[in-house]
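Participant: Residue numbers (UniProt numbering): 1 to 526. The structure under discussion is supplied below as C-alpha cells; questions concerning it will follow.
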C-alpha cells in the first residue's frame, strides 16, 4: 500500500505541469507583459472558418482566424486560441474558458438569451446540396419524405424542422455530412454557404440546387457581464470594416457575396485575388498521388504525437485514481460497517449506471455553477478515474472473495490484527488475481479517453478528426491513429504478462520453500 501511494504521488507530480491548462493563458500574459484575447472555436472540420493548414497541419488558418488576428491587433492584445467542440462553445464561454467565441455562431433568440453578441461581421444564407445524378430534389419542399443532414443545433436544422416530414440527421463535422451524401446515406445536405462552398464545391459527386435560403448573421459571442469587452470588440470591428480590412479578408477567401455587398454598402468588384481559396482548391485536387498522401501524413505526425501524449497523460492519471479509489471502495464494501458499505455500494451502482460522457459534462460544465472548477485536464482525468473506480472496485472485491477464508483464520491465529492480515496476507494474493482484468480496464480507459475532446482537450482522437476533415481523408489517418493506440497499449499488456509470470514464480518459490521447511522439520525427529 505504501508503494502504491508513493507511486500515485510520483505520477501526479510528474504529470501536473501538463494539467495546468487553466493557468496557461495567464502565464502568457505575465511573461509577455501584454494583454491577451482568449478566443474559443472548433478547428475540426471548420473550413473556411478555422482549420489546420493543409500545407502545415500545425498551423491554424481560416477567415475567422484572420478576423481574430486583425481584431486583437486593433485592440492591442495578443490572441490565444482555445479549442472546444462547436456545440459547447457557449457553455465554454460561461465557464470562462475564453473571453470571446467565434466560429460561425448564428445570432438567434435562443443564443441571445444566454450571451451578448457583437455587431455582425458576416452575413450569408443556406445552400441546399444533393448528389449530382439526383434530379428529384430542387428545393426545400422536395425534401418531404427524404433524409437530410445538417449541423447540430444550427439555423439549418430549424429550417428543416419547419419543412416537416423530413428525417433530419445532425452532424458535428460538416465534411462527414457531405461524405454521407456522396455515399448515398443522405438525400440532401443543408449548410451555410461558406461551408457548402468549401466542403462540396470540389466534390464531383455533389451539386448545389435551389435559390439562397434564409439569412444568417454571424457575430462574436461575449458573456453578458463583459460590457466593456463588448464595447471594445464592437469598436474594433467598425474600425476594421471602415479601413477595408474585413473586405480584404473576405476577398482572399472568396467569401465576398452580393449579400455582403449589400450589408457593407460596397458594390465594388473584388480588390484582392482569392489566394487562400485557390490554395484550398489546389490542396484538394482529385487524383492525389500516393507520394503526396504520404507527405501529408508525415507532416501531421507531430500533431498525432502531441495528441498521443495528451491521451497517455490523461489515461495514466485517471487509472491511478481508479485503482486507488477502487481499492478503497472494495475494502469498504467487504470489511467496513454496514452503513459505510452501503454508501460504497450506491456509489458503484450509480456510477456504473450512468454514461461517462454525462459524468464528464457534469464535472466540467455543471460543477462550476456550485463553485467547483477543474481545468480541462483534471476534469477529464477525475471524470474517467471516478468512473473506472466503480469497475475496479468490483474487480478488487472479486479478488478478495477469491482468497480462501482459511487464510484469514490462519493470519489471525498467528496474532495478526485484521489490518495486518489484510495488508500482509490477503491483499498481495488478491492483487495477483486481479492484474489481468485491471490491465484490460486500462486499455479500455485508454480508448475511452477520447471523450475528453468534448471538454476542450485536443487528444489523439480529436487530432484524427481535425486532420481527416482537413484533407477529406478518413482512411489513412484512421489507420495511423489505430496503430498509435495499439502501440500505446502494448507496453502495458507486456508489463501485465511479465508481472503475472514474476508473481507466479514467486508464489511457486514460496510454496517450494514451505515444503522444504516442512520436510526439514519432519526429518528432525527421525
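Every residue, glycine too, gets a C-beta built ideally from N, C-alpha and C. Nothing here was measured: the structure is a model prediction, and the numbers come from that model.
Quick one, are the C-beta atoms of residue 150 and residue 157 less than 8 Å apart?
Facilitator: Yes, these two residues count as a Cβ contact at 8 Å.
Participant: Go through its chain and collect everything with a Cβ distance to residue 224's Cβ below 6 Å, but skip five positions before and after it.
Facilitator: If we look at residue 224 and ignore the five residues flanking it on each side, its Cβ neighbours are 116.
Participant: What do you get for residue 220, buried or exposed, if any count of 16 or more other CB atoms within 10 angstroms of its CB means buried?
Facilitator: Its Cβ being crowded by 16 or more others within 10 Å, residue 220 is buried.
Participant: Write down every uninterrupted run of the alpha helix (DSSP H) in the region 457 to 498 whose length is 4 residues or greater and which is fully enclosed by it, in chain order.
Facilitator: Those alpha helix (DSSP H) runs which fall completely within the region 457 to 498 and span 4+ residues are 460 to 471.
Participant: Between residue 318 and residue 388, which are expected to be in contact by the criterion C-beta below 8 Å, what is the C-beta distance as a whole number of angstroms?
Facilitator: Indeed, because the Cβ distance is near 7 Å, the residues count as touching under 8 Å.
Participant: Within a Cβ cutoff of 8 Å, which residues of the same chain sit near residue 256, ignoring the five residues on either side of it in sequence?
Facilitator: Correct list, in chain order: 247, 250 and 270.
Participant: Are at least three pairs of beta-carbons, each pair with one atom in the region 444 to 461 and one in the region 471 to 487, less than 8 Å apart?
Facilitator: At 8 Å Cβ cutoff, the stretches touch.
Participant: Please list the terminal residues of the continuous beta strand (DSSP E) segment that includes residue 535.
Facilitator: This structure does not reach residue 535, given that the chain is present from 1 up to 526, and the question cannot be answered.
Participant: Give me the residue from 79, 97 and 75 with the minimum Cα distance to residue 85.
Facilitator: Considering only alpha carbons, the answer is 97.
Participant: Using the beta-carbon count (16 or more within 10 Å), is residue 114 buried or exposed?
Facilitator: The residue in question, residue 114, is exposed, as its Cβ has fewer than 16 Cβ neighbours within 10 Å.
Participant: Could you please give me the residues that DSSP links to residue 116 through a beta bridge?
Facilitator: Paired residues: 222.
Participant: Going along the chain, which residues of its own chain have a beta-carbon closer than 8 Å to the beta-carbon of residue 233, five neighbours each way excluded?
Facilitator: Counting only Cβ-Cβ distances below 8 Å, and skipping sequence neighbours, we find 71, 75, 100, 118, 220 and 222.
Participant: Can you give me the C-alpha to C-alpha distance between residue 327 and residue 416, rounded to a whole angstrom?
Facilitator: One C-alpha to the other measures close to 21 Å.
Participant: Does residue 402 come out as helix, strand or coil in the three-state DSSP assignment?
Facilitator: Reduced to three states, the DSSP call for residue 402 is coil.
Participant: Relative to the alpha-carbon of residue 432, which residue among 369, 80, 365 and 403 has its alpha-carbon at the smallest distance?
Facilitator: Taking only the C-alpha atoms, the option nearest residue 432 is 403.
Participant: According to DSSP, which residues form a beta bridge with residue 193?
Facilitator: Beta-bridge pairing links residue 193 to no other residue.
Participant: Closer than 7 Å by C-beta to residue 239: which residues in its own chain qualify, once you throw out the five before and the five after it? Chain order, please.
Facilitator: 74.
Participant: Given this structure, state the Cα-to-Cα distance separating residue 345 from residue 471, to the nearest angstrom.
Facilitator: Straight-line Cα distance between these residues: approximately 48 Å.
Participant: Using beta-carbon positions only, say whether residue 160 and residue 168 come within less than 8 Å of one another.
Facilitator: Yes; because the gap between Cβ atoms is below 8 Å, this pair is in contact.
Participant: Where does residue 231 fall in DSSP's three states?
Facilitator: Helix.
Participant: With DSSP run on the structure shown, which of helix, strand or coil describes residue 289?
Facilitator: Note: residue 289 maps to coil in three-state DSSP.
Participant: Short check: CB of residue 460 to CB of residue 481, under 8 Å?
Facilitator: Yes, they are a contact pair.
Participant: In or out: residue 544 buried (at least 16 other Cβ within 10 Å) or exposed?
Facilitator: Shown here, the chain extends from 1 to 526; a query on residue 544 therefore has no answer.
Participant: Using a Cβ-Cβ cutoff of less than 8 Å, which residues in the same chain neighbour residue 184 once the five nearest sequence positions on both sides are dropped?
Facilitator: Result list for residue 184: 131, in chain order.
Participant: Of the residues 299, 458 and 374, which one's Cα is nearest the Cα of residue 43?
Facilitator: The residue with the shortest Cα to Cα distance from residue 43 is 458.
Participant: Where does residue 304 land, buried or exposed, given buried means 16+ other C-beta within 10 angstroms?
Facilitator: Classification for residue 304: buried.
Participant: According to DSSP, is residue 153 helix, strand or coil?
Facilitator: Correct three-state label for residue 153: coil.
Participant: Just how far apart, CA to CA, sit residue 178 and residue 186?
Facilitator: If you take the alpha carbons of residue 178 and residue 186, they lie about 9 Å apart.
Participant: For residue 276, which of helix, strand or coil comes out of DSSP?
Facilitator: Looking at residue 276 - three-state DSSP - the assignment turns out to be helix.
Participant: What do you reckon, are the CB atoms on residue 293 and residue 476 nearer than 8 Å?
Facilitator: Yes, these two residues count as a Cβ contact at 8 Å.
Participant: Can you tell me the Cα-Cα spacing of residue 381 and residue 89, whole angstroms?
Facilitator: Approximately 21 Å between the Cα atoms of the pair.
Participant: Can you give the Cα-Cα distance for residue 103 and residue 501, rounded to whole angstroms?
Facilitator: If you take the alpha carbons of residue 103 and residue 501, they lie about 54 Å apart.
Participant: Considering only C-alpha positions, which residue in the set 315, 129 and 148 is nearest to residue 197?
Facilitator: Checked all of 315, 129 and 148; the closest Cα to residue 197 is 129.
Participant: State the CB to CB distance for the pair residue 59 and residue 48, rounded to an integer number of angstroms; the pair is presumed to be in contact (CB under 8 Å).
Facilitator: The pair is not a contact, with the Cβ atoms about 15 Å apart (cut-off 8 Å).
Participant: Starting from the Cα of residue 479, find the closest Cα among 490, 464 and 425 and give me that residue.
Facilitator: The candidate whose alpha carbon is nearest that of residue 479 is 464.
Participant: Quick check: the Cα distance between residue 123 and residue 243, rounded to an integer number of angstroms?
Facilitator: Distance between the alpha carbons of residue 123 and residue 243 is about 19 Å.
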